[in-house]
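S.K.:
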Amino acid sequence: MSVWSIAAAQSGSRPGQTEWNISRHLEFIHQAARLNVDVLIFPELSLTGYELALAATLAMSLDDPRLQVFADAASQYHMTIIVGLPLRDENRTLLAAITFLPEGTRIAYGKRNLFGDEKQIFQIGESIPLFGYPRHQVAMAICADISVEAFAREAAQRGANLYATGVLVSKQGYQKDCDFLARWSREYKMAVLMANHALPTGGYQSAGQSALWDETGQQIVLGGSGEELVIARRQGKDWQGEVHSVG
Numbered sequence: 289m290s291v292w293s294i295a296a297a298q299s300g301s302r303p304g305q306t307e308w309n310i311s312r313h314l315e316f317i318h319q320a321a322r323l324n325v326d327v328l329i330f331p332e333l334s335l336t337g338y339e340l341a342l343a344a345t346l347a348m349s350l351d352d353p354r355l356q357v358f359a360d361a362a363s364q365y366h367m368t369i370i371v372g373l374p375l376r377d378e379n380r381t382l383l384a385a386i387t388f389l390p391e392g393t394r395i396a397y398g399k400r401n402l403f404g405d406e407k408q409i410f411q412i413g414e415s416i417p418l419f420g421y422p423r424h425q426v427a428m429a430i431c432a433d434i435s436v437e438a439f440a441r442e443a444a445q446r447g448a449n450l451y452a453t454g455v456l457v458s459k460q461g462y463q464k465d466c467d468f469l470a471r472w473s474r475e476y477k478m479a480v481l482m483a484n485h486a487l488p489t490g491g492y493q494s495a496g497q498s499a500l501w502d503e504t505g506q507q508i509v510l511g512g513s514g515e516e517l518v519i520a521r522r523q524g525k526d527w528q529g530e531v532h533s534v535g
């Protein structure tokens, strides 16, 4: 029976230092490959940090040459890789997650429930893409999206087995957001994976503690603080979790 391994990259980002952040992402990806991860998701705006004042300047297009390293890694390791960045899409700037599929496809998702000052910088994203393979369908959310039940319901109705979200969640908001995620997993019978920042960013002290809840709402694995790979593996209907530090 095959094992499906999914992971949250609980990474830290240097403010506005896109090239350094890309290099650090690749270190996470290489370690995830050694640990046989199939799907790897990074936090919200992971490539730039949550630096709203810099977002317009740092925004990339979907075909930005700097992103090719993620397409190459996805192909080399047969891994689906999801990174966070400000995305320039024609006349719009989206707070986006870009998915790199092993066969070369790139899929962009723009955050739909913008929060606070994000509304002054970004445009609202569109409906949720679904990607993956039989029995392993993945739907995306970004941070405040997780508070909207209609988004989780839509993901489930479209057949998602995994609701994957990159976030920036502080200690103050952590429990409330986890309550949402546990509820969606329980009510809509899909696993939910959350990848949070490891370090302070954009003036927020991130809580870390990335996690996965199974299809019944039970938390399978919980990360700590610092840079880690938080991995959940499913064989049949059984889940197991593990946490690995990233040096």
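If you read the sequence shown in the numbering used here, its first letter stands for residue 289, the second for the next number, and so on.
Positions of the beta carbon are idealized from the N, C-alpha and C atoms, including for glycine.
A quick note: this is a predicted structure, and the numbers were derived from the prediction, not measured.
1. Taking GLY420 as the reference, which of ILE369, VAL534 and GLU442 has the closest Cα?
2. Three-state secondary structure (DSSP) at PHE468?
3. Nearest by alpha-carbon distance to ARG522: which of GLY514, SER513 and TRP501 is it?
4. Quick check on the DSSP output: what are the complete alpha helix (DSSP H) runs of length 4 or more inside the stretch 293-360, in order along the chain?
5. Ends of the beta strand (DSSP E) at PHE388?
6. Can you find the residues in the same chain that come closer than 6 Å, C-beta to C-beta, to THR453, ignoring five residues on each side of it along the sequence?
7. Check this for me: beta carbons of SER533 and GLN493, under 9 Å apart or not?
8. Cα separation between PRO353 and ASN324?
9. According to DSSP, is ALA440 helix, strand or coil?
10. Rounded to whole angstroms, how far is the Cβ of ARG394 from the Cβ of LEU350, which I believe are closer than 8 Å?
M.R.: According to the data block:
1. ILE369
2. In the structure shown, PHE468 sits in a helix (DSSP, three-state: H, G or I).
3. TRP501
4. List check, alpha helix (DSSP H) in window: 306-322 and 343-346.
5. DSSP places PHE388 inside the beta strand (DSSP E), whose first and last residues are 380-388.
6. ALA429, ILE434 and MET482
7. no
8. 27 Å
9. helix
10. Contact between ARG394 and LEU350 holds: CB atoms are separated by about 6 Å, below the 8 Å threshold.
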